[in-house]
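Here's the structure we're looking at; comments come further down.
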Amino acid sequence: MKRVFNFNPGPANLPLEVLEEAQKELTNYKDTGMSVMEISHRSKEFEEIIEQAETSMKELLGIPDNYRVLFLQGGASTQFFMIPMNYLREGETADYILTGSFAEKAYKEAVKIGKVNVAGSTKDSNFNRIPSPDELNFSPSPSFVHITSNNTIFGTQWKDYSIFGDFPLAADMSSDILCGPLDVSRFALIYAGAQKNLGPSGVTVVIIREDMLEKVPAELPSMLKYNIHAENNSLYNTPPSFSVYMVNLILQWVKKEGGLEKMKEKNEKKSSLLYEAIDQSDGFYKGHAVKESRSIMNVTFRLPDEEKEKKFISEATSRGLVGLKGHRSVGGIRASIYNAMPLEGCEKLADFMEEFKK
Ligand SMILES: *Cc1c(COP(=O)(O)O)cnc(C)c1O
Numbered sequence: 106m107k108r109v110f111n112f113n114p115g116p117a118n119l120p121l122e123v124l125e126e127a128q129k130e131l132t133n134y135k136d137t138g139m140s141v142m143e144i145s146h147r148s149k150e151f152e153e154i155i156e157q158a159e160t161s162m163k164e165l166l167g168i169p170d171n172y173r174v175l176f177l178q179g180g181a182s183t184q185f186f187m188i189p190m191n192y193l194r195e196g197e198t199a200d201y202i203l204t205g206s207f208a209e210k211a212y213k214e215a216v217k218i219g220k221v222n223v224a225g226s227t228k229d230s231n232f233n234r235i236p237s238p239d240e241l242n243f244s245p246s247p248s249f250v251h252i253t254s255n256n257t258i259f260g261t262q263w264k265d266y267s268i269f270g271d272f273p274l275a276a277d278m279s280s281d282i283l284c285g286p287l288d289v290s291r292f293a294l295i296y297a298g299a300q301k302n303l304g305p306s307g308v309t310v311v312i313i314r315e316d317m318l319e320k321v322p323a324e325l326p327s328m329l330k331y332n333i334h335a336e337n338n339s340l341y342n343t344p345p346s347f348s349v350y351m352v353n354l355i356l357q358w359v360k361k362e363g364g365l366e367k368m369k370e371k372n373e374k375k376s377s378l379l380y381e382a383i384d385q386s387d388g389f390y391k392g393h394a395v396k397e398s399r400s401i402m403n404v405t406f407r408l409p410d411e412e413k414e415k416k417f418i419s420e421a422t423s424r425g426l427v428g429l430k431g432h433r434s435v436g437g438i439r440a441s442i443y444n445a446m447p448l449e450g451c452e453k454l455a456d457f458m459e460e461f462k463k
C-alpha cells in the first residue's frame, strides 16, 4: 500500500492508525453485526460514541463545566450565519475582524442579518498578518466579537486572545482547533469544521458557553437554535454519525499521542523546519505571512516565478509530497501541516526545498 505525505488544506490527512481502526470495525462495529453507518443514532452504541466525543473534547481542551460541545452539520459556513441569527439583534452591533477570506465570508453573512462593525482588517496587505491591538476599533458594547483564529489560505494565526478582555468572543477555529492548549474560558463560542484538524468533513464542532444557550431567540427555526441542539445532546435530528465516529477516533488518537502540549511541541517543530527552509534560502523562497503572525498549521510561500512554482509542485508530487498548491488568492505554495502530518513529512519537504533551490 502506498501512502503519500498529504499537505492538502482540507479535507486533509488523517492518521493512518485511525483509518486502519475504522477499517477494522467497518463492517461489524463492536459485535453489533452492523457498520457504524448502519446503526441507529438512538442506539446505546452510538450514544456512547457521541458522549465519548464530547467528554474527550472537554478533557483535551480542559473545557470548563459551563460549556457544551455540539456536533452539527452545514460546515463552518453555516456557523457564519447561525451565530448572527442567534446573537445579533435589532439595535445591537457585532464586531468582526477581517484577517482572511473565511473571515470576510463570515462578515458578509452577518451583514445580511444585522449591524456589523469592522473592528480591524489587514486586507490592504493581502492578509499577510494579524492586526496589532492598537489597530482595533471595537464598538462600545458589541453583542459579540468574531475572529478567525487561523487563516487557512494566508497562513497567519492569532497568538494572543487576552486582548479581547470580556467581550463575548466567537472564533472560527476550523483550521487550528487542537493544535495546542487553549484557554476556552476566553470564548463565548468556538466552531470548527472537522475536515482540517478533527476528522472527515460532514460535522462541525461547536463549543458554546451555557449562558449563550439562554440568549437564543424563540422564533428561530429549530435546526438553527443552539439550545435545541444542546438540550438534545446533538441528537435533535439524525447526526452525521460516521463523521462523529471518526472525530471520536481522532480525539482518542490525540490523547494517545500525549495530548495538546505534545501536539503543540510537534506542530512548532514541524512548522519551524519549513520556516527555516524559507528564511535560509537567501530570498529564493518568500514567506507570505510576516514572522510574528506565522501559522503553525498552514505555511505559505512564493518562489521567484510561477514557472518555478509549477515545477516545484510537480517534482514534489513525484516524490510523494502532494497537495502543495497555494490558494489562488496568494499563489505559490501552501503546506498544510495539521496534527496528523508526521514530522517526517515536514523533514522530507524541507529537504526537498533545499535541494530544489540548488
Ligand atoms: C475551511 C474553512 C472554512 C470552511 O469550512 P466549511 O466546513 O467548508 O464550511 C471556514 N473557516 C476556516 C478558517 C476554514 O479553514
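For reference, each letter of the sequence shown is one residue, going 106 to 463 in this note's numbering.
Where is the CB? At the ideal position from N, CA and C, for every residue including glycine.
This one's a predicted model, so the numbers in the text were calculated from it and none came from an experiment.
Point to revise | Bounding residues of the beta strand (DSSP E) (the contiguous stretch that carries D277) | key: To locate residue 277, count along the sequence shown from 1; it is residue 172. Its beta strand (DSSP E) spans residues 274-277.
Review point. For S230, which option in V435, S244, P120 has the closest C-alpha, if you only look at C-alpha atoms?
Key: In the sequence shown, residue 230 corresponds to position 125, counting from 1. The candidate whose alpha carbon is nearest that of S230 is V435.
Point to revise | Selected residue, minimal CA-CA separation from N191, among Y331, I252, G304 | key: Taking the first residue of the sequence shown as position 1, residue 191 is located at position 86. Nearest C-alpha to N191: Y331.
Check your understanding: For the candidate residues P247, P286, C284, A297, whose alpha-carbon lies nearest to that of P273?
Key -> Sequence index remark: in the sequence shown, residue 273 carries index 168 (1-based). It is P247 whose Cα lies nearest to the Cα of P273.
Check your understanding: Should D170 be flagged as near chain C, meaning a C-beta pair shorter than 8 Å?
Key -> In the structure shown, chain C cannot be found, because there is only a single protein chain.
Point to revise | Host beta strand (DSSP E) of D384 (start-end) | key: Position 279 of the sequence shown, counted from the start, is the residue given in the question as residue 384. Counting along the chain, D384 falls outside any beta strand (DSSP E), though it belongs to the alpha helix (DSSP H) covering 364-384.
Review point. Quick one: does the C-beta of S255 sit closer than 7 Å to a heavy atom of ligand 1?
Key: Taking the first residue of the sequence shown as position 1, residue 255 is located at position 150. The identity of residue 255 in the sequence shown is Asn, whereas the question assumes Ser. Flag set: Cβ of N255 near ligand 1.
Exercise for review: Report yes if the CB atom of S280 is closer than 8 Å to the CB atom of N403, and no otherwise.
Suggested key: Residue mapping note: residue 280 aligns to position 175 of the sequence shown, counting from 1. Residue mapping note: residue 403 aligns to position 298 of the sequence shown, counting from 1. Against a cut-off of 8 Å, the Cβ pair of N403 and S280 comes out as a contact.
Check your understanding: With C-beta atoms as the reference, is V308 less than 8 Å away from V349?
Key -> On the sequence shown, residue 308 is found 203 positions in, with the first residue counted as 1. On the sequence shown, residue 349 is found 244 positions in, with the first residue counted as 1. For V308 and V349, yes; Cβs fall inside 8 Å.
Check your understanding: Can we count K207 as close to ligand 1, meaning its CB is less than 7 Å from some heavy atom?
Key -> Counting from one through the sequence shown, the residue named residue 207 turns up at place 102. The question names Lys, but residue 207 in the sequence shown is Phe. Yes, the Cβ of F207 comes within 7 Å of a heavy atom of ligand 1.
Review point. Given G392, which residues of its chain have a CB within under 6 Å of its CB, disregarding the five upstream and five downstream residues?
Key: Taking the first residue of the sequence shown as 1, we reach residue 392 at position 287. So the list reads I383, F406, once near-sequence residues are dropped.
**Study point:** Limits of the beta strand (DSSP E) - the one that F176 falls within
**Key:** As a working mapping, residue 176 is identified with position 71 in the sequence shown. Taken as a continuous stretch (DSSP letters only), the beta strand (DSSP E) holding F176 covers 172-177.
Review point. Quick one, are the C-beta atoms of V395 and N233 less than 8 Å apart?
Key: Position 290 of the sequence shown, counted from the start, is the residue given in the question as residue 395. Position 128 of the sequence shown, counted from the start, is the residue given in the question as residue 233. Their beta carbons are under 8 Å apart, which means V395 touches N233 by this criterion.
Check your understanding: Under 8 Å between the Cβ atoms of F243 and A215?
Key -> Looking up residue 243 in the sequence shown gives position 138. Looking up residue 215 in the sequence shown gives position 110. Not closer than 8 Å, so no.
Check your understanding: Taking P116 as the reference, which of Q184, T204, S306 has the closest Cα?
Key -> By one-based count along the sequence shown, residue 116 stands at place 11. Selected option, being the one with the closest Cα: S306.
**Study point:** the region 181-196 in contact with the region 342-359 per 3-pair CB rule at 8 Å
**Key:** no
**Study point:** Cβ neighbour criterion (16 or more within 10 Å) applied to M142
**Key:** As a first step, residue 142 must be located in the sequence shown, where it is residue number 37. That one is exposed.
Check your understanding: Is it buried or exposed for D265, if we count other Cβ within 10 angstroms and need 16 for buried?
Key -> Along the sequence shown, read from residue 1 onward, the residue named residue 265 stands at position 160. Exposed, because fewer than 16 other Cβ atoms sit within 10 Å of the Cβ of D265.
Point to revise | Environment of Q262 [buried if 16+ CB atoms lie within 10 Å] | key: For this step, residue 262 is matched to residue 157 along the sequence shown. Label assigned to Q262: buried.
Review point. If you count every other CB in all the chains shown that lies within 10 Å of the CB of E125, and 16 or more means buried, which is it?
Key: Position 20 of the sequence shown, counted from the start, is the residue given in the question as residue 125. That one is exposed.
Review point. Distance, Cα to Cα, Q357 vs N133?
Key: Looking up residue 357 in the sequence shown gives position 252. Looking up residue 133 in the sequence shown gives position 28. Straight-line Cα distance between these residues: approximately 20 Å.
Point to revise | Exposed unless 16 or more other CB atoms sit within 10 angstroms - verdict on R433 | key: Looking up residue 433 in the sequence shown gives position 328. Burial call: exposed.
Check your understanding: Considering only the beta carbon of each residue, do P236 and I202 sit closer than 8 Å?
Key -> Residue numbering aside, residue 236 sits at position 131 when the sequence shown is read from its first letter. Residue numbering aside, residue 202 sits at position 97 when the sequence shown is read from its first letter. Yes; because the gap between Cβ atoms is below 8 Å, this pair is in contact.
Review point. Which residues mark the beginning and the end of the beta strand (DSSP E) in which F406 is found?
Key: Numbered from 1 along the sequence shown, position 301 holds the residue referred to as residue 406. Element bounds for F406: 403-407.
Point to revise | beta-carbon D277 near ligand 1 non-hydrogen atom, thresh 7 Å | key: Here residue 277 is taken as the residue at index 172 of the sequence shown, counted from 1. Flag set: Cβ of D277 near ligand 1.
Review point. In three-state terms, what does DSSP make of S478?
Key: Nothing about residue 478 can be reported from this structure: the residues present for the chain run from 106 to 463 only.
Practice item. Pull up the distance between the alpha-carbon of F292 and that of K416, whole angstroms please. Key: Translated into the one-based positions of the sequence shown, residue 292 becomes position 187. Translated into the one-based positions of the sequence shown, residue 416 becomes position 311. Going by the C-alpha atoms only, they are around 43 Å apart.
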